[in-house]
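Residue numbers (the numbering used here): 233 to 795.
Next comes the structure, spelled out in structure tokens:
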């Protein structure tokens with residue numbers, strides 16, 4: 233058997249849950265889609281109502297809501313009440329990780345009112361927003377001003393708070409880094425009720441660097457100031473097909489945005505946006521985008537593609553046509569480009585609605601897409617949820633750029649999932665060592681994509697049913713994720729914790745660095761008030777006793793022993 237050949241597996245016996253999953257589209261069409269459309273409409277009306285208020289009024293409401301959070305925190309009795317968490321229902325989160333920590337006794341604080349854009353400061357080029365502002369909401373306001381967040385995550389529903397406390401990336405991350413790297417200040421309510429503003433150079437700089445990836449376990453984020461950049465009306469997108477083995481595809485992907493001469497900061501050589509999709513072990517399409525003016529886009533001979541219309545082909549399938557017709561160029565309205573994967577949820581929409589990509593469905597019901605992820609989760613039940621954890625993969629592997637080919641080969645051998653999403657991002661050298669960090673000494677190797685101040689990584693996005701599942705064969709999803717996590721640890725790579733994790737505590741802190749995080753937890757009183765990031769991310773139910781014992785261990789020791 234060659235290294236890339238997938239192992240032979242026995243056939244899997246199907247049961248009732250397989251039947252329910254196979255025909256779940258009936259429930260999705262007649263219940264989830266209509267209610268999703270209504271929900272989106274009501275949220276839109278709320279956003280419009282917010283935008284009609286003056287910035288002064290929004291700030292006044294913000295200050296009042298912060299006072300409510302502080303009051304609620306101070307009412308907590310540590311001896312009687314559980315650890316603190318938000319009052320958000322477990323199914324509302326966009327991520328696939330079970331929010332099982334809320335099944336233990338806990339003390340809820342309601343943050344649902346924090347969904348306003350507080351200010352767009354064109355002079356400082358800063359957007360000041362509350363944590364529940366989502367990407368669709370912020371681009372609807374900024375793009376008409378020819379402004380944008382430096383990093384705009386693709387799906388409309390992703391919130392500022394989730395992208396900061398967790399993980400956020402987009403096709404511009406090869407320039408600006410992850411979403412949290414574009415934040416210039418956090419407004420945080422600490423465990424003792426203090427409200428502080430943390431920046432990289434004030435007295436709370438340690439808190440500033442510790443917030444990303446902390447999953448809200450250091451304090452409550454109530455506002456963030458985020459970098460804005462000037463943009464133009466269109467994105468000039470070039471689709472380039474590449475054929476070869478997985479290592480060839482990886483090299484073609486690297487060459488699309490990382491000059492081999494190392495001139496990574498030259499805007500003439502480095503595009504504004506980068507994205508790759510690997511459709512099979514031998515075929516991929518890599519896209520580079522540059523902002524373009526309305527005048528350029530509308531010149532004679534240029535093609536404009538409004539990908540946001542409900543009847544348009546799903547974006548990943550549209551990009552795949554480059555494999556047949558060769559390289560081509562088109563212009564996409566900037567905001568429609570940002571949210572190009574929203575309608576079909578990358579390619580997950582094909583599993584949810586097997587015929588959702590057909591022309592007749594797109595014309596008749598495409599305007600109802602996408603189904604809201606939270607409604608899908610709320611209506612799936614325990615058995616279907618467990619089925620998806622075993623028979624379905626939604627994972628991101630953040631790997632050094634030079635190891636992308638190895639990661640693709642690993643995914644093919646262990647999971648056989650296609651398409652695979654590729655998106656590069658910088659991991660900056662910072663004054664302190666944060667939970668995620670570049671390889672020590674990376675700058676000495678002068679690898680493609682790296683600079684003296686940042687190592688280039690890539691998000692290898694693995695979202696779909698594995699090949700063995702599609703063929704009706706036995707597949708152990710938990711074991712596959714465990715193997716993936718060990719591969720990541722071995723290769724100085726990272727797993728975003730929105731996904732299902734099989735890591736034990738020792739391996740969690742082998743993957744991530746604990747020093748700064750645990751120092752900040754002790755310094756600002758989070759221990760004993762907020763659950764630790766490992767126990768918040770851990771798979772399975774968290775009993776109150778288990779959580780309390782873990783917190784006591786953190787009180788007694790600096791951090792979990794790591795190899």
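Where is the CB? At the ideal position from N, CA and C, for every residue including glycine.
In this text the structure is predicted, and so the values were computed from the model without any measurement.
Query: Residue closest to residue 253, alpha-carbon to alpha-carbon, out of 702, 742 and 744; Result: 702
Query: Residue 509: first and last residue of the uninterrupted beta strand (DSSP E) it sits in; Result: 505-512
Query: Distance between residue 627 and residue 649 (C-alpha atoms, nearest Å); Result: 11 Å
Query: Assigned exposure category for residue 685 - 16 Cβ within 10 Å defines buried; Result: exposed
Query: Exposed unless 16 or more other CB atoms sit within 10 angstroms - verdict on residue 770; Result: buried
Query: Nearest-angstrom Cα separation, counted from residue 518 out to residue 508; Result: 4 Å
Query: Minimum C-alpha distance to residue 644 - residue among 690, 695 and 660; Result: 695
Query: Proximity below 8 Å, CB of residue 741 to CB of residue 693; Result: no
Query: Unbroken alpha helix (DSSP H) run spanning residue 379, endpoints; Result: Not the alpha helix (DSSP H): residue 379 falls in the beta strand (DSSP E), residues 379-381.
Query: First and last residue of the uninterrupted alpha helix (DSSP H) at residue 438; Result: 437-442
Query: Simplified DSSP state of residue 468, which is helix, strand or coil; Result: strand
Query: Residue-level contact to chain C via CB, residue 444, 8 Å cutoff; Result: No chain C appears in this structure, which consists of one protein chain only.
Query: 8 Å Cβ cutoff met for residue 469 and residue 561; Result: yes
Query: Buried versus exposed call for residue 360 [16 or more other C-beta atoms within 10 Å across all chains shown]; Result: buried
Query: Close Cβ partners of residue 600 (< 6 Å) along its chain, the five nearest in sequence each way excluded; Result: 265 and 269
Query: Contacting residues, own chain, Cβ-Cβ under 7 Å from residue 378 (five flanking each side not counted); Result: 462, 463 and 464
Query: Sequence-distant residues of its chain with Cβ nearer than 8 Å to residue 637 (five each side left out); Result: 478, 479, 481, 482 and 483
Query: Test item: CB-CB of residue 625 and residue 690 under 8 Å; Result: no
Query: Length of the line joining the Cα atoms of residue 245 and residue 657; Result: 41 Å
Query: Member of 403, 405 and 439 whose CA lies at the smallest distance from the CA of residue 418; Result: 439
Query: Ranges of the alpha helix (DSSP H) found wholly within the stretch 639-715, counting only runs of at least 4; Result: 699-702
Query: Short Cβ contact (8 Å threshold) for residue 352 with residue 373; Result: yes
Query: Cross-strand partners of residue 249 (DSSP beta bridge); Result: In the DSSP output, where bridge partners are listed per residue, residue 249 has none listed.
Query: First and last residue of the uninterrupted beta strand (DSSP E) at residue 581; Result: Note, residue 581: premise wrong, no beta strand (DSSP E); alpha helix (DSSP H) at 581-584.
Query: Spatial distance of residue 317 from residue 340 (CA atoms); Result: 5 Å
Query: In DSSP terms, what residue 632 is bridged to; Result: 689
Query: Rounded C-alpha distance that separates residue 791 from residue 634; Result: The pLDDT assigned to residue 791 is 45, lower than 50, so where the model puts this residue is not dependable; a value taken from the coordinates is nonetheless given after this. Looking at the two C-alpha atoms, the distance is approximately 31 Å.
Query: Pick from 758, 623 and 687 that is closest to residue 706, judged by C-alpha positions; Result: 623
Query: Integer-rounded CB distance, given that residue 520 should sit under 8 Å from residue 505; Result: 7 Å
Query: Beta-bridge partners of residue 523, as assigned by DSSP; Result: 467
Query: Alpha carbon of residue 357 to alpha carbon of residue 349, nearest angstrom; Result: 14 Å
Query: Check whether residue 301 and residue 415 have beta carbons under 8 Å apart; Result: no
Query: Segment limits, beta strand (DSSP E) that includes residue 742; Result: Note, residue 742: premise wrong, no beta strand (DSSP E); alpha helix (DSSP H) at 737-743.
Query: Separation of residue 724 from residue 745, as counted between CA atoms; Result: 11 Å
Query: 8 Å CB neighbourhood of residue 717 in its chain, flanking five on each side removed; Result: 727, 733, 734, 735, 739 and 743
Query: Which of helix, strand or coil DSSP assigns to residue 479; Result: helix
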